[in-house]
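Asks: The numbering of the sequence shown is my numbering, which starts it at 199 and goes up by one.
Think of the CB as a built atom: it goes at the ideal place given N, C-alpha and C, for glycine as much as any other residue.
Quantities reported herein were computed from a predicted structural model and do not represent experimental measurements.
Supplied in structure tokens, the structure appears directly below.
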Amino acid sequence: MQGREPFTPVGVFYLPVCWFQRLKFARAQPCGHYATRFTFAAVKHSRRGTTSLHLPGKDIYFDLTIHMDVEPNPGPSAVPTTTSIRSSEFSFTDLHLNTATRHYSRDKILSLRPFAYSPKCLSSEVMDLLQNLKILKYRGKRAGSYPQNSSTCRNITNHLLSTIPTIITYGRDKSATKSRNISIGNLIHLRPPPERSLHCPKVKLGIWNARSIKNKTARLCEIIFTNNLDLLAVVESWSTKDAFYSPVADVLASLKHFSALEIPRQHKKGGGVLLLYRKSFEVSLISNASFESYEHLDLSINYGKSNTRLLIVYRPPPSKDNGFTSSMFFDEFSKHLELLALDANRPLAIVGDFNYHMDDSFDQAAKRFADIIDSVNFRQHVNSPTHRNGHTLDLIITRATENLVQDVNVHPEFYSDHRVITCSLNHPKPPRSDVTVTQRSILDREKFSCDIIDSFSHGSGCRDDVNALVSIYNNTLLEIYDKHAPLKMMTVKHRRFAKWYNDQLRHEKREKRRLERRYRKSGLTVDMENFHEQSQKYNNLLEKTKTDYYRIKIQNSDQNQLFRLINNMFKLKSSALPSHQSSQQLAEDFNDFFINKISDIRAGLNNTEAASVEDRELSCCFTDFEIPSHAYIVEVLGSLTPKTCDLDPIPTSVLKQHVLELAPIIARIVCASLASGEFPSSLKTSIVRPKLKKPDLDSEIYQNYRPLANISFISKVIEKSVAIQTYSYLNNNALFPSLQSAYRLHHSTETALLRVTNDILKALDSRNDVILILLDLSAAFDTLDHDILLSRLHLYFGFKGTALNWFTSYLRGRTQRVNIAGSSSSPRNLHYGVPQGSILGPLLFTLYIAPLQDVIATFNLQCMFYADDTQLYIAVKPSTPELAIESLSTCIKAVFDWNTCNKLQTNRGKTEVLRLTSRFVKNPSLGPQFMVAGVPVNITSKTRNLGVIMDANFTLSSHINDLCKKAFFFINSIGRIRKYLPPDPLKRLVNALVISHLDYCNSLLYGLPSYELSKLQRVQNTAARLIVGARRSDHMTPILRDLHWLPIPARLEFKILLLTYKCLHNQGPSYLRELLKFPNPSRILRSSMQSLLLKSYRPNTLYYGERTFAFAAPKLWNSIPEHIKSASSLPTFKTALKTYLFRRHFRDE
199 MQGREPFTPV GVFYLPVCWF QRLKFARAQP CGHYATRFTF AAVKHSRRGT TSLHLPGKDI
259 YFDLTIHMDV EPNPGPSAVP TTTSIRSSEF SFTDLHLNTA TRHYSRDKIL SLRPFAYSPK
319 CLSSEVMDLL QNLKILKYRG KRAGSYPQNS STCRNITNHL LSTIPTIITY GRDKSATKSR
379 NISIGNLIHL RPPPERSLHC PKVKLGIWNA RSIKNKTARL CEIIFTNNLD LLAVVESWST
439 KDAFYSPVAD VLASLKHFSA LEIPRQHKKG GGVLLLYRKS FEVSLISNAS FESYEHLDLS
499 INYGKSNTRL LIVYRPPPSK DNGFTSSMFF DEFSKHLELL ALDANRPLAI VGDFNYHMDD
559 SFDQAAKRFA DIIDSVNFRQ HVNSPTHRNG HTLDLIITRA TENLVQDVNV HPEFYSDHRV
619 ITCSLNHPKP PRSDVTVTQR SILDREKFSC DIIDSFSHGS GCRDDVNALV SIYNNTLLEI
679 YDKHAPLKMM TVKHRRFAKW YNDQLRHEKR EKRRLERRYR KSGLTVDMEN FHEQSQKYNN
739 LLEKTKTDYY RIKIQNSDQN QLFRLINNMF KLKSSALPSH QSSQQLAEDF NDFFINKISD
799 IRAGLNNTEA ASVEDRELSC CFTDFEIPSH AYIVEVLGSL TPKTCDLDPI PTSVLKQHVL
859 ELAPIIARIV CASLASGEFP SSLKTSIVRP KLKKPDLDSE IYQNYRPLAN ISFISKVIEK
919 SVAIQTYSYL NNNALFPSLQ SAYRLHHSTE TALLRVTNDI LKALDSRNDV ILILLDLSAA
979 FDTLDHDILL SRLHLYFGFK GTALNWFTSY LRGRTQRVNI AGSSSSPRNL HYGVPQGSIL
1039 GPLLFTLYIA PLQDVIATFN LQCMFYADDT QLYIAVKPST PELAIESLST CIKAVFDWNT
1099 CNKLQTNRGK TEVLRLTSRF VKNPSLGPQF MVAGVPVNIT SKTRNLGVIM DANFTLSSHI
1159 NDLCKKAFFF INSIGRIRKY LPPDPLKRLV NALVISHLDY CNSLLYGLPS YELSKLQRVQ
1219 NTAARLIVGA RRSDHMTPIL RDLHWLPIPA RLEFKILLLT YKCLHNQGPS YLRELLKFPN
1279 PSRILRSSMQ SLLLKSYRPN TLYYGERTFA FAAPKLWNSI PEHIKSASSL PTFKTALKTY
1339 LFRRHFRDE
């Protein structure tokens, strides 16, 4: 103190007012005899004086008394000189303005010291008051973790504060007036703010211009975590309609309790609007109105009784490229505000980046925009710079009459070139949600297994009653599972940070906040630079930590886990549903819609006479099922996918862990069902969930949804046992339709298309035209007639006795329920169709339409079937096309009539006609239309047939271009997440998503010109560079050799030879085997010792004839070494063939 004023020797010292003009914070500590050390604290400065208030902290050893006048002394007659009041009898806001000195007892202050660890120990009323006076500034949650005894500390401190005797005196202390340079007239009149009542936490909203969230997903999570946001509006997300990779899905992988609603950007530059919100809110799109000069997202945000309209806007700056002007925006935004004015029943907030310099008073466009806002009685809340260049571009606009937005804060850190803005909405924050969960983590597998064995070891007393066995199985297993893993209602506690957030990030964040406080306090440029440098370091570490976390997780995953992890991380799941008030009612509406849709189709077909079921002579029959063994059931259980249905008593994953314990009871159920010819009644229910057919379809239209059905796991076990025996019976007796390629072993879309392509190429090689017609059925699996199906099984395929009774029981009495968000509709009866999601459904459908192949054969037409897709084609001679066209028209009419009589509706809207003509022959066109069953159908220039695009000259150029687009799309998508992928998972992902597209139906591409195949080779080269990280200038041959990848021409040869080997060893379809023939010479030749194929077809042209499978297969087969052709097994053949082709193409001797 240097003698300025003497100390009082009894533990209370006095500071003259002039000292507070120099000190910002006064903290007194003893440092020797009568010595005091000072540090700085918060103080209220004004132009006429200084006011300081200090509450006891943990370092206080002296009572601190502040002497100052806040108003001219009213004299002794106004109030008593000294008044003693207990602190419980007054609040700080009730103090008279003449208060000059407050005295606290030394003992009471010292008794607070062990508990005053942080300002949080003070009562909330005191904290609010000190903050309003701007006297006390504390760090709050950003300072670090709370003390472990914070609740005890707070309670004890509040109690001690209430017992501190407080003395309030009026007038100045005489000892203080002896100080020099004291001017009483420079003190300002203080008006205490009104006492603020306590409120519950408010909803926090954030606004941020991200300028691409692609590489800022970790920062996006950090913004939400740090500011404890409930809603975050993001503009310029730069997100696109990407079916594989979505940065939003990447964000939601870390924010499990958040959901998202976005509008992808419309142009190549900028754009994209996104809202991230807690799942506690119900967010729905209000309108789909579009404006040319700006992007927007108009949303209704509901929680309980709170309903707020939020409009997120991004206005791109005008430029020559986009052609926008400010006048366009003013006109459109004014009209938008007029529409918003009509919705006055709920609060409104308009947020986003408007790209106007609202801080510039000379900016005429900004002035006009402010006038528009003011003219509709709106006000703007952001008054600080939001852009790196110091301009205010990001705004928060509300109605002037509403008190919706509070505590607007523009944060100093730049996560992009824009700052983050946060505010509070005048709505209570949603509480944590209560959910019902199963305590799977406490499941003791050993005790669970013992209880299963004990419960099912004794006889049930109903060995032959399959319904009773299923009831015992479900009830007993559910009881055991509830015992070991009971359902529990618990409050969801979301993680404060993501799983990848570690201690190093916490340390760097504390350092960043320390530098931020220093910069806020000093305002110096050097502190600002240090703060921004640390922020950049922290942001880089944030992205690196997240990348390393997922790289390790992906590295340790197997094939199935890899794709499941990729889907969860980077693919945005669509859960779109129509607008609804009740999930229960929506489920009922969907159930009625699906049932009525089938009823309407059948109503239009019931007017026709039912078909007479075809009969044919059979030398075989299927009467009884073989009773499966215990080992057989275990094998079946292992072959099924672990998909759980709501009807299952326990999760399927748990069931598969206890297969050996549950196999006996499951085997008893299967045996009882097959032996009695009865399917359990309790297993005839399907659970249906509606799913939008395409993401870009209108979610409000029920017609755009398809039903996804799921049945119980035990039902699939029974069906699998029946399907295996049924397939065996049909294959052994050659009862399957030979041209049906769906759901059959050794058959695929490629084998079907290869035979169709072979026939078309042969016709074009002979200078004939080909007319190809593609037919499709509407809801084919749902409309077939049970009576017709059962009669066909009996008369056309020879099912009798117990087997036929079982199929009758399986089809009759089925029901379905629709489940949406845990709400289930009432069951509805199914009178038609086969159950979707079942194992037997596809098999029964192929048997139902099997006679159609015989109908087409009577017209001398060629055809191919794949499930409900039918292909009809016929060669047309250019000189006499009338005969072929007439035959084709008659056949099509017969097909339509057969479908109608068998209660199947042909989808005329999806019927396509393609005329194929040789590129070397200029024939007159067929005409713009072709009559299909009396209805004109336009002839297309190209069509997609089972995933392959066929064009009029059969060049397949359009298909190759489309294939390259898809492959490059996946290459670009994988490149976006490449930082997360170690080398081995990266190679697996490229093989699954890129190379698989190159290999799909690539046997059809054999013989095409090199300039077409070079397009595919470029795709393969790019994929190889992506894996090894090579540059574009690097030579590709060593890279392909290291990856052990065959070039595109060699891959085509490999596929042709592989199919040839399968056909020669009865592992291929019969319609391909009949194209291959071995020579049968009249005498023994030296070539007879070799496995040579006869070239049964002699081509006329190189372009068409040599591309046929009938010519290419023998040519390639005869060229490979004999030891490869004589391979004993398929894996051995594939290994030897790849080695041979690899050495031939890379000259590796």
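#1: Return the chain-ordered list of same chain residues with a C-beta closer than 7 Å to the C-beta of Y443, the five sequence neighbours on each side being excluded.
#2: Starting from S504 and walking both ways along the beta strand (DSSP E), at which residues does that stretch end?
#3: Can you name, in chain order, every residue of its own chain whose Cβ lies under 6 Å from the Cβ of D496, other than the five neighbours on each side?
#4: Output needed for F489: all residues of its chain with C-beta closer than 6 Å, excluding positions within five of it in sequence on either side, in chain order.
#5: In whole angstroms, what is the alpha-carbon distance linking K467 and I595?
#6: So which of F792, R716, L1114 has the shortest CA-CA distance to F729?
#7: S1021 and S781: beta carbons closer than 8 Å?
#8: Suppose the cutoff is 6 Å on Cβ atoms and the five residues either side in sequence are ignored; what does the same chain contact list for N607 look like?
#9: What are the residues that DSSP puts in a beta bridge with L740?
#10: Might you give, ordered along the chain, the residues of its own chain that have their beta carbon closer than 6 Å to the beta carbon of E786, omitting 5 neighbours on each side?
#11: Count the other CB atoms within 10 Å of the CB of Y1209; is the residue buried (16 or more) or exposed (fewer)?
#12: The beta strand (DSSP E) with N1017 in it runs from where to where?
#13: Throw me the rounded Cβ distance for the I969 and V1111 pair, which I believe falls under 8 Å.
#14: Judging by CA-CA distance, which residue of L881, V920, Y900, D1095 is the nearest neighbour of R1012?
#15: Less than 8 Å separating the beta-carbons of F1094 and L937?
#16: Quick one: what's got a C-beta closer than 8 Å to K892's C-beta in the same chain, skipping five residues either side?
#17: Between L1291 and L1161, what straight-line distance do the alpha-carbon atoms span, to the nearest angstrom?
#18: Does DSSP put N426 in a helix, a strand or coil?
#19: Quick one, are the C-beta atoms of V1032 and F1043 less than 8 Å apart?
#20: Opposite D1149 in the DSSP bridges: which residues?
#21: So is T237 buried or exposed if we call it buried at 16+ other beta carbons inside 10 Å?
#22: So, helix, strand or coil for R866, using DSSP?
#23: Is K467 close to the ligand NAD? I mean its beta-carbon at under 7 Å from any heavy atom of the ligand.
#24: List, from N- to C-terminal side, the alpha helix (DSSP H) runs of 4 residues or more that fit wholly inside the region 1199 to 1229.
#25: Between the alpha carbons of K414 and D592, how many angstroms are there, rounded?
#26: From H944 to I922, what does the alpha carbon distance come to, in whole angstroms?
#27: Assign T1078 to one of two classes, buried (16 or more other C-beta atoms within 10 Å of its C-beta) or exposed (fewer than that).
#28: Classify T839 as buried or exposed, calling it buried when 16 or more other Cβ atoms lie within 10 Å of its own Cβ.
#29: How long is the line joining the alpha carbons of N1159 and W1096, rounded to whole angstroms?
#30: From T1153, F612, N1105, pick the residue whose C-alpha is nearest to that of S1116; which is it?
#31: When DSSP builds the beta bridges, which residues end up paired with I619?
#32: Measuring only the C-alpha atoms, how far is F1005 from S478?
#33: What's the gap between the Cα of R235 and the Cα of R718?
#34: Would you mind stating whether P516 and D557 have Cβ atoms separated by less than 8 Å?
#35: Once you ignore the five residues that flank A563 on each side, which residues in its own chain have a CB closer than 7 Å to its CB?
#36: For G550 versus A408, is the C-beta spacing smaller than 8 Å?
Replies: According to the structure data:
#1: What you label residue 443 is simply residue 245 of the sequence shown in a count that begins at 1. The residues F768, S1171, R1174, I1175, in chain order, have a CB closer than 7 Å to that of Y443 in the same chain once the five nearest residues on each side in sequence are set aside.
#2: For the purposes of this step, residue 504 is taken as residue 306 along the sequence shown, with counting starting at 1. Unbroken beta strand (DSSP E) run through S504: 504 to 512.
#3: Translated into positions along the sequence shown, residue 496 becomes position 298. Hits under 6 Å: I484, S485, L509.
#4: Position 291 of the sequence shown, counted from the first residue, corresponds to residue 489. So the qualifying residues of the chain are E530.
#5: Start at 1 with the first residue of the sequence shown, and residue 467 comes out as number 269. Start at 1 with the first residue of the sequence shown, and residue 595 comes out as number 397. Their Cα atoms are separated by approximately 26 Å.
#6: As a position in the sequence shown, residue 729 is number 531, starting the count at 1. Each of F792, R716, L1114 was checked against the Cα of F729, and the nearest Cα belongs to R716.
#7: Residue 1021 sits at position 823 when you count from the first residue of the sequence shown. Residue 781 sits at position 583 when you count from the first residue of the sequence shown. With contacts defined as CB atoms closer than 8 Å, S1021 and S781 qualify as a contacting pair.
#8: Position 409 of the sequence shown, counting from 1, holds the residue named residue 607. Excluding its 5 nearest sequence neighbours in each direction, N607 has C-beta neighbours in its own chain below 6 Å: T620, listed in chain order.
#9: In the sequence shown, counting from the first residue as 1, residue 740 sits at position 542. Bridge partners of L740: none, in fact.
#10: In the sequence shown, counting from the first residue as 1, residue 786 sits at position 588. The answer, listed in chain order, is S1023.
#11: Start at 1 with the first residue of the sequence shown, and residue 1209 comes out as number 1011. Its Cβ having fewer than 16 others within 10 Å, Y1209 is exposed.
#12: Along the sequence shown, one-based indexing puts residue 1017 at 819. Where N1017 is concerned, the enclosing beta strand (DSSP E) stretches over 1012 to 1018.
#13: For this step, residue 969 is matched to residue 771 along the sequence shown. For this step, residue 1111 is matched to residue 913 along the sequence shown. Your pair I969 and V1111 checks out as a contact, with CB atoms roughly 7 Å apart and the cut at 8 Å.
#14: As a position in the sequence shown, residue 1012 is number 814, starting the count at 1. Answer by Cα proximity: L881.
#15: In the sequence shown, the residue the question calls residue 1094 occupies position 896. In the sequence shown, the residue the question calls residue 937 occupies position 739. At a Cβ-Cβ threshold of 8 Å, F1094 and L937 do not count as neighbours.
#16: Counting from one through the sequence shown, the residue named residue 892 turns up at place 694. Cβ neighbours of K892 beyond the five flanking positions: N902.
#17: For the purposes of this step, residue 1291 is identified with residue 1093 of the sequence shown, where counting begins at 1. For the purposes of this step, residue 1161 is identified with residue 963 of the sequence shown, where counting begins at 1. L1291 and L1161: Cα-Cα distance of roughly 32 Å.
#18: Looking up residue 426 in the sequence shown gives position 228. If DSSP states are grouped into helix, strand and coil, N426 belongs with coil.
#19: As a working mapping, residue 1032 is identified with position 834 in the sequence shown. As a working mapping, residue 1043 is identified with position 845 in the sequence shown. With contacts defined by Cβ atoms closer than 8 Å, V1032 and F1043 form a contacting pair.
#20: Mapped onto the sequence shown, residue 1149 falls at position 951. The beta-bridge partner set that DSSP reports for D1149 consists of K1140.
#21: Numbered from 1 along the sequence shown, position 39 holds the residue referred to as residue 237. The predicted position of T237 is uncertain, since its pLDDT is 37 and thus under 50; no value can be drawn from it.
#22: Stepping through the sequence shown from its first residue, residue 866 is reached at position 668. In the structure shown, R866 sits in a helix (DSSP, three-state: H, G or I).
#23: As presented, the structure is devoid of all ligands, the ligand NAD included, so that no description of it is given.
#24: DSSP runs (the alpha helix (DSSP H)) wholly in the region 1199 to 1229: 1208 to 1226.
#25: Position 216 of the sequence shown, counting from 1, holds the residue named residue 414. Position 394 of the sequence shown, counting from 1, holds the residue named residue 592. Using only the alpha carbons, I get a separation of about 19 Å.
#26: Within the sequence shown, the letter at position 746 stands for residue 944. Within the sequence shown, the letter at position 724 stands for residue 922. Inter-residue distance for H944 and I922 is about 15 Å (C-alpha atoms, whole angstroms).
#27: Translated into the one-based positions of the sequence shown, residue 1078 becomes position 880. In summary, T1078 is exposed, with fewer than 16 beta-carbon neighbours lying within 10 Å of its beta-carbon over all protein chains present.
#28: What you label residue 839 is simply residue 641 of the sequence shown in a count that begins at 1. Burial call: exposed.
#29: Stepping through the sequence shown from its first residue, residue 1159 is reached at position 961. Stepping through the sequence shown from its first residue, residue 1096 is reached at position 898. Looking at the backbone, the Cα of N1159 and that of W1096 are separated by about 38 Å.
#30: The count along the sequence shown starts at 1 and reaches residue 1116 at position 918. With distances taken between Cα atoms, S1116 lies closest to T1153.
#31: Walking along the sequence shown from the start, residue 619 turns up at place 421. Its beta-bridge partners are I405, V608.
#32: As a working note, residue 1005 is residue 807 in the sequence shown. As a working note, residue 478 is residue 280 in the sequence shown. When rounded, the distance between both Cα atoms is 47 Å.
#33: The residue you call residue 235 lines up with position 37 of the sequence shown. The residue you call residue 718 lines up with position 520 of the sequence shown. Below a pLDDT of 50, predicted positions are generally treated as unreliable, and R235, at 37, falls in that range; the measurement from the model is reported next regardless. A straight-line Cα-Cα distance of about 25 Å links R235 and R718.
#34: Reading the sequence shown from its first residue, position 318 is the one you call residue 516. Reading the sequence shown from its first residue, position 359 is the one you call residue 557. No, Cβ-Cβ distance for P516 and D557 is not below 8 Å.
#35: As a position in the sequence shown, residue 563 is number 365, starting the count at 1. Closer than 7 Å at Cβ, skipping near neighbours: S524, Y554.
#36: Taking the sequence shown and counting its residues from 1, one reaches residue 550 at position 352. Taking the sequence shown and counting its residues from 1, one reaches residue 408 at position 210. Not a contact, by the Cβ cut-off of 8 Å.
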